Structure formats: structure tokens, C-alpha cells
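The structure appears below as C-alpha cells.
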Amino acid sequence: METQHVACTHCACHNPMWKILEEDLFNPGILSKITSGIERMTEPQGASMLICGGIIRPLIDGDMATVEAIGIHKGKVVATGSKESVTAFMNSNGIQFTVKQLEDKQTLLPGLIEPHVHIVPTALLKGWLDLGRFDGQVLRPDYNPQWLKGQVTRHVKEHKLKYDLGSWILGREVDPALMPFQVNPGGLNELVTFDCTTLDAIEAGIPLLLLSASMHTMYANTKALEKIYSSSKELQQQYANFDAYKAATNGQLQEEEGMAPAMKAIPKLQIVEMALGSFEHLTQIFEEANSRGVTFMYDAGMTSQLKTLLDAYLLFHQKKVRIGAAQICATQQDADNLPAYQPVTEYQDVYYGNIKLVSDGSNQGLTGYQSEAYCCAPADNFGLFNFAEAGDPHPTTPPPGYNALVNTISVQKGWPLMIHANGDLAVQFAIDVYASTIMPGADTTKRNRIEHCSILSAAQIAEMKRLGVPPSFLIGHVGYWGYAFKEAIFEEKSELLDPCKSALDAGLRISLHSDYQVSPLGPLRMMEQSITRVMEAAPGNPNDNVLTPAERITPEQALRAVTHDAAWQCHADEWAGSLKTGHFADFVILEHDPLSLNEYYMVLRNIPVLETWKGGVAVYTHHAITANAENKMVTA
Ligand SMILES: [Zn+2]
Ligand SMILES: [Zn+2]
Numbered sequence: 011m012e013t014q015h016v017a018c019t020h021c022a023c024h025n026p027m028w029k030i031l032e033e034d035l036f037n038p039g040i041l042s043k044i045t046s047g048i049e050r051m052t053e054p055q056g057a058s059m060l061i062c063g064g065i066i067r068p069l070i071d072g073d074m075a076t077v078e079a080i081g082i083h084k085g086k087v088v089a090t091g092s093k094e095s096v097t098a099f100m101n102s103n104g105i106q107f108t109v110k111q112l113e114d115k116q117t118l119l120p121g122l123i124e125p126h127v128h129i130v131p132t133a134l135l136k137g138w139l140d141l142g143r144f145d146g147q148v149l150r151p152d153y154n155p156q157w158l159k160g161q162v163t164r165h166v167k168e169h170k171l172k173y174d175l176g177s178w179i180l181g182r183e184v185d186p187a188l189m190p191f192q193v194n195p196g197g198l199n200e201l202v203t204f205d206c207t208t209l210d211a212i213e214a215g216i217p218l219l220l221l222s223a224s225m226h227t228m229y230a231n232t233k234a235l236e237k238i239y240s241s242s243k244e245l246q247q248q249y250a251n252f253d254a255y256k257a258a259t260n261g262q263l264q265e266e267e268g269m270a271p272a273m274k275a276i277p278k279l280q281i282v283e284m285a286l287g288s289f290e291h292l293t294q295i296f297e298e299a300n301s302r303g304v305t306f307m308y309d310a311g312m313t314s315q316l317k318t319l320l321d322a323y324l325l326f327h328q329k330k331v332r333i334g335a336a337q338i339c340a341t342q343q344d345a346d347n348l349p350a351y352q353p354v355t356e357y358q359d360v361y362y363g364n365i366k367l368v369s370d371g372s373n374q375g376l377t378g379y380q381s382e383a384y385c386c387a388p389a390d391n392f393g394l395f396n397f398a399e400a401g402d403p404h405p406t407t408p409p410p411g412y413n414a415l416v417n418t419i420s421v422q423k424g425w426p427l428m429i430h431a432n433g434d435l436a437v438q439f440a441i442d443v444y445a446s447t448i449m450p451g452a453d454t455t456k457r458n459r460i461e462h463c464s465i466l467s468a469a470q471i472a473e474m475k476r477l478g479v480p481p482s483f484l485i486g487h488v489g490y491w492g493y494a495f496k497e498a499i500f501e502e503k504s505e506l507l508d509p510c511k512s513a514l515d516a517g518l519r520i521s522l523h524s525d526y527q528v529s530p531l532g533p534l535r536m537m538e539q540s541i542t543r544v545m546e547a548a549p550g551n552p553n554d555n556v557l558t559p560a561e562r563i564t565p566e567q568a569l570r571a572v573t574h575d576a577a578w579q580c581h582a583d584e585w586a587g588s589l590k591t592g593h594f595a596d597f598v599i600l601e602h603d604p605l606s607l608n609e610y611y612m613v614l615r616n617i618p619v620l621e622t623w624k625g626g627v628a629v630y631t632h633h634a635i636t637a638n639a640e641n642k643m644v645t646a
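Residue numbers (the working numbering): 11 to 646.
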């Protein structure tokens with residue numbers, strides 16, 4: 011029996027890129043080069059402080075009630091309640107403290123959580139030219155092939171010398187699903203496609219290699235294809251000449267098999283640059299997270315190599331967010347090699363709380379595994395199931411090998427799982443394998459998750475409730491891609507997308523995630539998208555463009571999904587997600603209360619984050635940033 015691992019995801023989980031680059035990126039020489047000359051970091055001490063005034067919502071047990079004051083000391087919350095009682099507690103315990111008075115509407119909440127992101131892969135690719143569709147947390151209005159061409163042309167002009175010296179143009183996050191599509195009533199709709207002809211029209215003289223947003227396809231121009239072919243003995247054996255290779259791929263390089271020769275052909279200097287830039291990029295990522303109120307991130311696709319790089323970074327830099335992770339497991343052999351699960355009782359940097367399986371692809375990449383064909387070209391496309399077995403590429407029940415894999419991880423080794431499933435059939439298979447491994451006697455405390463869980467029916471929700479399997483939704487699917495799903499990719503089926511309200515009504519505890527860098531970091535924005543469900547790419551009045559209005563949730567429910575319940579899903583509820591006594595003093599101060607806005611669309615995501623604190627240490631202050639900017643202006 012052979013388990014086949016084809017296209018994976020619209021997230022960096024189990025991504026072929028890293029496998030290809032392992033040797034070049036993660037060798038000890040590179041690591042010592044990155045860390046040479048920088049000092050080990052000693053973490054700053056947490057403040058002893060009483061905070062009062064404004065609106066303080068500690069979210070204890072997920073409750074929205076406010077308190078008058080909160081006391082913090084040695085990085086933890088030591089008291090919450092009336093100002094009098096917190097003051098008395100601090101005094102009677104001999105704690106010397108300062109008082110911080112919030113202004114009227116300022117709102118203190120537990121630090122916000124990103125329960126499914128990809129940290130190191132994003133850092134490694136950050137140096138590539140950004141050809142993505144996001145400007146901050148909103149969609150670019152002009153995202154189309156012409157815009158992309160303009161970006162490339164401008165970039166080449168600015169870095170002429172680099173390209174004269176032989177560098178390739180490397181671009182990332184190309185997302186055809188967010189470009190204008192063509193609707194063909196009665197026939198299949200069409201998304202934009204890129205190939206070597208369209209890329210040659212963008213740039214013909216310099217090798218141009220663009221990575222799709224899904225990270226599972228690369229597009230190459232003819233110049234790049236020539237270099238790839240001439241540097242690969244395997245390709246030369248496989249294809250009689252260059253023209254045959256070009257005709258076969260058309261510049262669309264799919265998956266590890268297609269992408270590996272391309273990655274290997276990139277000038278070594280540029281690969282080394284990726285590794286050398288990674289620390290600076292990690293700093294940028296954590297600073298951006300802090301600026302959006304995030305104090306805790308859960309990496310949904312960790313490998314030992316990615317973790318080595320992250321661990322090295324954390325030795326030398328202030329730890330501005332807490333990090334947990336799910337370890338990627340791709341094969342039965344990986345599962346057999348796992349240690350037995352030990353529940354995490356105390357936070358430590360980059361703790362492992364789950365094992366991650368990636369069962370299908372991406373819906374906007376047309377590779378999520380479906381029971382019915384996609385509504386856009388190519389015809390009869392049901393997507394890809396990654397654990398399909400030889401002879402049965404389109405299984406209708408979970409293949410035996412998949413069941414065995416889940417059984418090993420979940421039953422024999424005892425690990426909580428996170429199964430990536432986007433298409434409705436992949437979601438059904440995830441439910442089925444959970445049902446056959448964790449029933450009877452469903453262990454609802456285990457928090458076996460389904461990630462994205464994008465297309466989900468009422469019957470499936472009921473089954474998930476019975477099994478105690480919570481969903482984590484990539485809510486940007488509704489806000490950013492909703493329009494493309496509704497008009498081009500799924501049509502009616504898009505109504506089953508991210509049914510947050512139905513899941514909550516059934517008694518499931520949901521979380522919202524960005525899958526960064528699939529969508530931007532930003533729990534406030536994710537809250538907003540779950541509250542409004544406005545399809546942001548649709549033309550016209552946002553009020554007329556709500557995807558399944560019945561699935562909108564309340565601001566309270568949305569806040570719980572990015573704090574208290576997200577912490578629970580990440581096995582972090584003993585120390586994060588609420589400001590209970592004994593929990594970490596990880597919190598955020600916003601300019602307004604997100605629970606009492608008159609208007610939510612394009613407002614909630616823009617509430618200014620004034621301060622972000624982790625372990626009683628201010629890791630971000632809005633004012634400091636402004637002051638620095640002013641200083642710079644004075645000295646300039
Ligand atoms: Zn995923
Ligand atoms: Zn992911």
C-alpha cells in the first residue's frame with residue numbers, strides 16, 4: 011500500500027518548498043553565520059502595576075463582564091476586581107506597584123491569539139518581491155495581471171544592478187483567485203491563469219519565477235525555464251530538448267516534482283540571502299503581530315528544521331509573542347516515530363500541543379477535496395485528497411492508510427490532532443476518521459481540531475459536536491475570497507462556508523485564524539469578518555454583499571473566538587486567553603471597546619491598538635512608534 015502525497019494546501023503546512031531547500035537553508039554554517047556577532051537576549055522584567063479605569067474585560071471563563079481593576083506582578087495577573095480589593099491585595103502582599111489609569115473608552119482585553127499561522131516559512135520568503143493581494147488588511151482594488159506587471163517592472167528598474175549581475179526575479183503570493191474572473195452562465199467559469207507566455211509579456215530578459223499564494227505552484231518565464239532545464243540532468247533525461255520541457259510545463263511548475271528543479275536552479279547567493287534575512291523578517295513578523303494586539307501565535311506546520319531556526323532566533327531576541335506549535339506529520343513512518351504525547355502543563359517557548367495532518371488542498375487553489383466538481387475550469391475537477399492510495403485517486407470513503415495514520419497518532423501515541431480539511435469531502439473524511447478512532451467514549455477534552463473546515467453542513471456540525479471536535483475557521487475565506495467562491499468557484503455551495511453561528515449554536519467552541527501568510531495577521535479583522543461576513547471583493551454596497559447572513563456571530567462570540575476559546579484549542583487555557591489570577595499578564599489596550607461599535611465593517615479592524623503587553627512587559631506602544639517617527643523627521 012502506498013500513500014501518495016500530492017498537492018497540499020493553501021497554507022504553508024507540509025510545504026514542498028522547505029523539503030527542497032533543507033540542505034541549503036538549514037546547514038550549521040548558515041546558522042552560525044546568522045547568529046555571529048549578536049548577543050544572547052535576557053528577557054526584561056515584568057512591571058508591578060495596578061491598571062484601572064476605562065473598560066477592563068478579563069474574559070474569565072469566557073465571560074464578558076468588566077472589572078474595575080487588575081493587578082499584575084512578576085509577569086502574571088495577581089488580582090482582578092474592584093480597585094479597592096486589588097489595591098488591598100497588592101499592599102497586603104508587599105508588592106510595590108505603579109498605577110496605570112485608562113481613559114474613558116480605552117479597553118483592556120486579554121492578548122489576542124492567532125491559533126493557526128506559519129511563522130518561519132513566511133520569514134524565509136519575506137525577501138521575495140511581494141506580489142500579493144493585500145495592502146495591510148484590505149484587498150488591493152487593482153489586483154490584476156497589469157498591476158503585477160507594473161510591480162515587477164518597477165522593481166527591476168530599482169534594482170537594475172542586481173539583475174545585471176545575474177539574479178533572478180523571485181516573486182511571492184501570486185493569487186489568481188483574487189484577480190477578476192470570468193463568469194460563463196451554463197458553462198464553467200474561468201479564473202486568471204499564468205503561464206510562460208503571460209510571464210514573458212511581463213519580463214522576457216531576466217529569469218522570472220513567481221510562487222503562487224498557495225505555495226504549491228510556481229510560474230516561470232522562458233528565460234527561467236531555460237536555466238532550470240540546463241541545470242537539471244533529470245529534466246534533460248526526461249525531456250529530449252528544451253522545447254519539449256517548455257511545451258510540457260507551459261511554465262506552470264506544480265508541486266515538489268515540478269518546483270524542485272526550479273528551486274535548485276535559483277542562484278545560490280539568493281538562497282543564502284533568504285536564510286540570512288530570516289531573523290530580521292521574524293522580528294518584523296512579531297512586531298506586526300504585537301501592533302495588531304497579538305501576544306500568542308500557534309504555528310500549524312512546524313518541523314524540526316524550522317524549529318531549529320526559530321529556537322536560535324529566540325535565544326538572541328526578545329520574545330515578543332508566545333509560541334506553540336503543531337508538528338507536521340506526513341507519513342505512517344513519521345507517525346511511528348512520534349514520542350508518546352505528554353500534556354503541556356506549563357508554558358515554554360515553542361511547545362508542541364498537536365500533530366498536524368494536511369488532508370487536502372486549497373479551495374481557492376481548486377485543490378480542496380470535494381464531493382462535487384468545482385464550478386470553474388478545468389472540468390470535472392474534484393480537487394486532491396493527499397492520503398489517496400494507489401489505484402484510487404478519488405476515494406469516496408477514508409482510505410485505510412489514512413485511518414491507520416490517525417489511529418497511530420491519536421490512539422497509540424495519544425496526540426491531539428489538527429487535520430487540515432477544506433473541501434466538503436475532506437471534512438467528511440476527517441469526521442469519519444475521528445469517529446472511528448476516538449469513538450466510543452469520545453474524549454472531548456482532547457480538542458482534536460479540524461483546520462479551515464471550510465465547507466461544512468449542519469449534519470457534519472452535529473457529528474463534530476458529538477465527537478467533541480472543534481473547528482478553526484480561516485474567516486478570510488468569507489471576507490477576502492467569498493466573492494470568488496460565490497460567483498466563480500462554488501456558486502450555491504458557498505453558503506456552507508465557515509458556518510460560525512451554526513457551530514456555536516450546536517455547542518462547539520470555535521476559533522478564527524489567519525493562516526498567515528495566507529491572510530494578514532489581525533484578530534480584530536477576523537472578528538470583524540465573522541461579525542459582518544461582507545464579501546470585500548464584491549462591487550457595490552457592502553450591506554448587499556453579505557455571505558449567508560444567518561451565519562454572522564455577535565461581537566462577544568467573535569471576541570471569545572480570538573481569545574478564550576482560541577487558547578483552549580491551542581492547549582493554552584491554563585495560562586492564556588483570559589486574565590484570570592495566575593495567568594500571564596498578556597493583554598492589549600485598544601482605543602475603543604470592540605463590543606460596542608455602531609458600525610463594524612472596516613471599522614473594527616482599524617481600532618487603534620494603543621499598547622500590547624506580554625508577561626507584564628510592554629512589547630508595543632502606539633505612542634512610542636509615533637514619537638520615533640517624529641524623532642526621525644526632526645533628525646532627517
Ligand atoms: Zn492548512
Ligand atoms: Zn495552515
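In this text, a Cβ means the ideal position worked out from N, Cα and C, and glycines have one as well. Being a predicted model, the structure only gives us computed values, none of them experimental.
Shown here, methionine 312 sits in a strand according to DSSP, grouped into three states. The C-alpha of alanine 187 is placed about 45 Å away from the C-alpha of threonine 52.
The Cβ atoms of leucine 415 and alanine 498 do not sit closer than 8 Å to each other. For glutamine 262, the enclosing beta strand (DSSP E) begins and ends at 262-264.
Residue side-chain check: aspartate 603 keeps its Cβ at 7 Å or more from all non-hydrogen atoms of ligand 1. For aspartate 442, the CB stays at least 7 Å from every heavy atom of ligand 2.
Of the residues assessed, glycine 625 falls on the buried side of the cut-off, its CB having 16 or more other CB atoms within 10 angstroms. For isoleucine 238, the secondary structure class from DSSP, reduced to helix, strand or coil, is helix. Under the three-state reduction of DSSP output, valine 304 falls in the strand class. Taking 8 Å as the cut-off, the Cβ atoms of alanine 431 and isoleucine 471 do not count as close. Taking C-alpha positions only, glycine 72 is separated from valine 166 by approximately 51 Å.
In this structure, the beta-carbon distance from alanine 576 to serine 504 does not fall below 8 Å. If you draw a straight line from the Cα of valine 184 to the Cα of asparagine 231, it comes to about 14 Å. Here phenylalanine 395 is bridged, per DSSP, to Asp370. Distances taken from the Cβ of histidine 523 to the heavy atoms of ligand 1 include none shorter than 7 Å.
Contact between leucine 348 and glycine 371 does not hold, since their C-beta atoms are separated by about 24 Å, which reaches or exceeds 8 Å. By the criterion of a C-beta distance shorter than 6 Å, isoleucine 238 is surrounded in its chain by Pro271, Ala272 and Ala275, once the five residues flanking it on both sides are discounted.
Around the beta-carbon of glutamine 116, 16 or more other beta-carbon atoms lie within 10 Å, marking it buried. Going by DSSP, isoleucine 617 is part of no alpha helix (DSSP H) at all; its letter is neither H nor E.
Between ligand 2 and alanine 258, a heavy atom-to-CB distance of less than 7 Å is absent. For the 8 Å CB-CB criterion, cysteine 463 and valine 437 form a contact. For aspartate 140, DSSP records a beta bridge to Arg182. The straight-line gap separating the alpha-carbon atoms of lysine 110 and threonine 622 is approximately 14 Å. When DSSP states are grouped into helix, strand and coil, arginine 332 belongs to the strand group. Counting the other Cβ atoms within 10 Å of the Cβ of lysine 84 gives fewer than 16, which makes it exposed.
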